[in-house]
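Encoded as structure tokens, the structure appears first; notes follow it.
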Amino acid sequence: MDEFETIGDDLSGTIEELINGEPTVVRPSLNLDASTWEGWFNSIILYAAQNPWDFIYYVLLCLSPFFLLSVFLSMKLAKALEAQEKDLKRKARRDTNISKARKAKGD
């Protein structure tokens, strides 16, 4: 039972269990040692469970530069695509005008 933590506040057990002091709920204890990956991850999950709004705030605060970078790069890509479409239309119009001029010259 070294790996498990008992919680006696839960009253879902029978009366005999409550009188005898037997555990009513058993759950594994978490490794919160920050020097291991598991402990670090468990401490973050525990913080997120205890302070969900603070956790969401910090996540959005950390991700906001990436959102801004994404907006900037998508606008730059949209401009490049528009310029490429304009260039293709201009070249197509130029080619049609050249072919019309050659036909007129050949007549």
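The C-terminal position of the sequence shown is numbered 107 in full-length UniProt numbering, with every residue numbered one higher than the one before it. Beta carbons: idealized from backbone N, C-alpha and C, even for Gly.
Beta-carbon proximity of residue i to residue j, cut-off 8 Å
i, j, result
"Phe41", "Tyr47", "no"
Proximal residues to residue i (C-beta, below 8 Å), its chain only, five neighbours per side dropped
i, result
"Asn31", "Glu38, Gly39 and Asn42"
"Ala104", "none"
"Ala34", "Trp40 and Ser43"
Cβ-based burial, residue i [other Cβ within 10 Å; buried from 16]
i, result
"Met1", "The pLDDT assigned to Met1 is 45, lower than 50, so where the model puts this residue is not dependable; a value taken from the coordinates is nonetheless given after this. Flag for Met1 reads exposed."
6 Å CB neighbourhood of residue i in its chain, flanking five on each side removed
i, result
"Val59", "none"
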